[in-house]
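Structure first, then comments.
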Amino acid sequence: MPKIDILMPAPMSPEVISALDDHFILHRLWKQPDASKFLNKTGPHIRGLAVSTLAGRIDHALFDRLPALEIVANFGVGYDNVDARGAASRGIMVTNTPGVLDDEVADLTLGLLLATIRRIPQAERYLRDGLWPTGSFPLSPTLRGRRVGILGLGAIGKAVARRLDGFGVEIAYHGRARQADVAYDYYETPVALAKACDVLIAIVPGGAATRHLVNADILTALGSDGVLINVARGSVVDEMALFAALRSGTILGAGLDVFENEPNVPAALLDLPNVVVLPHIGSASVKTRAAMGQLVVDNLLAWFDGGKPVTPVPETT
Ligand code: NAP
Ligand code: 8YV
1 MPKIDILMPA PMSPEVISAL DDHFILHRLW KQPDASKFLN KTGPHIRGLA
51 VSTLAGRIDH ALFDRLPALE IVANFGVGYD NVDARGAASR GIMVTNTPGV
101 LDDEVADLTL GLLLATIRRI PQAERYLRDG LWPTGSFPLS PTLRGRRVGI
151 LGLGAIGKAV ARRLDGFGVE IAYHGRARQA DVAYDYYETP VALAKACDVL
201 IAIVPGGAAT RHLVNADILT ALGSDGVLIN VARGSVVDEM ALFAALRSGT
251 ILGAGLDVFE NEPNVPAALL DLPNVVVLPH IGSASVKTRA AMGQLVVDNL
301 LAWFDGGKPV TPVPETT
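The numbering used here puts the first residue of the sequence shown at 1, with every later residue one more than the last.
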C-alpha cells in the first residue's frame, strides 16, 4: 500500500499512534504550533482522520480544510461527535467501534446501578471517615422487587438486560420500534416506560434526536422511589431538570457516567447526597480500550486496502 496521509487532531492511545505510524504517514495536529497554517499546507493531502471525543466536533469546518478526505475513523461506538450525515453528503466514510465494548459497558452499568441504590460510595466514605464506631451506616434502598426500564435496547442495552435477568428483576424497554425477537415489555414512549418502572437506564445514542429525551416529565413519571442511570450521553438528560428532581425528591437518586459538558460537572450536582458520579469510564478498561483502538486501525487499513471498512456507521453505508 502506498503511504497515505492520516490526520489525528487530538492525542489517542500510544498503541493506536504506533500502529498508525507503522502503516501511514500520521500527522499529529495537536503538536503543530499553528494548526491553521499546517492545514493550509498539508490538509489537501489528508485522506483519513482518526478521532475521539477529545478532537471536538468533526464537521464541515474541518471537512472544508481536507478536500481529499475519504474516511473518519472514530474511537467510540457513539459518534455524535462526528457529523455523519454531513460526511455522507460529501462521500466521506465514517466508522465507529461497536461490539467490542458491550460487555465492559454493561458491567459498569450494573456496578453503577448497585452503587447508586445500595449507596456503596457513601458507605465507603462513612467507613473511611471513621464514622463506623459511632453507629451503623443507615439502611439503603434496594434493587429487590424493582422494575427496570431500558431506554435504548441496542447492543449494550441487551448486554445490560442479560445481566439484569440474573439479578431477578423485571425488565421493560423503549426504542423507536418494538423488537420482534425480544420478550421484554415494550413501551411506545419514554414517559410510558418511566411510569411503568422505578429504575430507568439510558443507553441510547447521543445527538439531536435524543437531546433531553429524559426531561422533567420523565423524571416525574419515574417517581419518588425512582432511580435514573445514565451511561448514554450527557445530552440525553436535561441536567438542570435532573438536578431539580434530585434536590426536591421527585426521584430517589441517580448514577451518572456521562454529563452535558464533560469534563465539567456542575458543582451543585456534586453537592447532592443522592447522586453517584463517574468520569465517563463505561468502556475504560485497558483490554477494552485496546480492542477499540485496534478497530480504529483496522477500519483505516481495510478502507485503504479494499474500500470496505470493518464497521461503517449506517449513515455512510
Ligand atoms: P446501538 O446498538 O445502536 O443501540 C442503540 C439503541 O438505542 C437501539 O436499540 C435504538 O433502538 C435506540 N435508539 C436510537 N435512537 C433512539 C431514539 N431517538 N429514541 C429511542 N431509542 C433510540 O448502540 P450501542 O452500541 O448499544 O450504544 C449505545 C450508546 O451508548 C452509544 O451511542 C453511546 O452514546 C453510549 N455509550 C456510552 C459509553 C460510556 O462509556 N458511557 C460507552 C459506549 C457507548 P431503535 O432503533 O429501535 O430506536
Ligand atoms: C468512549 C463511549 O469512552 O464508545 C463510546 O461511545 O462513550 C466510550 O466508549 C468515548 O467514546 C471516548 O472517546
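Yeah, the Cβ is synthetic: ideal placement off N, Cα and C, and Gly gets one too.
Please tell me whether residue i and residue j are closer than 8 angstroms, where the distance is taken between their beta carbons.
i	j	result
V296	A106	no
G293	F75	yes
A194	A221	yes
E315	V94	yes
A161	D102	no
A50	L20	yes
A10	S52	yes
A196	Y186	no
L113	D257	no
N81	R65	no
L175	L153	Here the sequence assigns Gly to residue 175, which means Leu is not the residue at that position. Closer than 8 angstroms, so yes.
M12	H27	no
L252	S283	no
Q32	F38	yes
T389	V100	No answer is possible for residue 389: the residues shown for the chain start at 1 and end at 317.
Y79	V313	yes
T250	N96	no
L151	P98	no
A192	E15	no
I4	F304	yes
Identify the residues that DSSP records as bridge partners of residue i: which are they?
i	result
T335	Outside the shown range of the chain, which is 1 to 317, sits residue 335, and nothing can be said about it.
R147	E170
D5	I25, I46
L256	N230, V277
V237	V214
D185	A172
V51	N74
V199	V148, V227
N261	N264
I58	V82
Please list, in chain order, all residues of the same chain as residue i whose beta carbon is under 6 angstroms from its beta carbon, the five residues on each side excluded.
i	result
R211	S235
F259	G234, V265
V237	V214, N230
A55	P9, A10
A232	A202, I203, V204
G207	D80
Y184	I171, A172, Y173
A88	E315, T316
E239	E260
G157	I150, I203
If you drop the 5 nearest sequence neighbours on each side, which residues of the same chain put their C-beta closer than 8 angstroms to that of residue i?
i	result
I92	F63, L69, E70, I71, V72, T316
F243	P266, A268, L269, L272
D59	V82, D83, G86
W132	Y126
L139	none
A159	D102, D103, V105, A106
I6	L20, F24, I25, L26, H27, I46, R47, G48, L49, A50, L300
Keeping to the same chain, check which residues put their C-beta closer than 7 angstroms to that of residue i; ignore five residues upstream and five downstream.
i	result
A285	For clarity, residue 285 is Ser in the given sequence; the question names Ala instead. Same-chain partners within the cutoff: E104.
L164	V148, I171
A241	N215, A216, L219
I281	L108, D257
L301	H23
F137	A123, Y126
K308	A302
D298	V310
R128	none
Compute the minimum distance between the beta carbon of residue i and the heavy atoms of the ligand ATP, and state whether it is under 7 angstroms.
i	result
A177	The model on display carries the ligand NAP and the ligand 8YV but not the ligand ATP.
For a cutoff of 8 angstroms on Cβ pairs, would you count residue i as touching chain D?
i	result
R211	Of the protein chains in the structure, only one exists, and it is not chain D.
Check: Given 8 angstroms as the limit, is there contact between the region 221-237 and the region 181-201, that is, 3 or more CB pairs closer than that?
Finding: yes
Notebook entry, point to check: Taking three-plus beta-carbon pairs below 8 angstroms as touching, is the region 271-283 in contact with the region 42-52?
Noted result: no
Item checked: Residues whose Cβ lies closer than 7 angstroms to any heavy atom of the ligand 8YV, in chain order -> S52, T53, L54, F75, G76, V77, G78, T97, L101, V105, H280, G282, S283, A284, M292
Check: Touching or not, the region 114-129 and the region 139-156, by the rule of three or more beta carbon pairs under 8 angstroms?
Finding: yes
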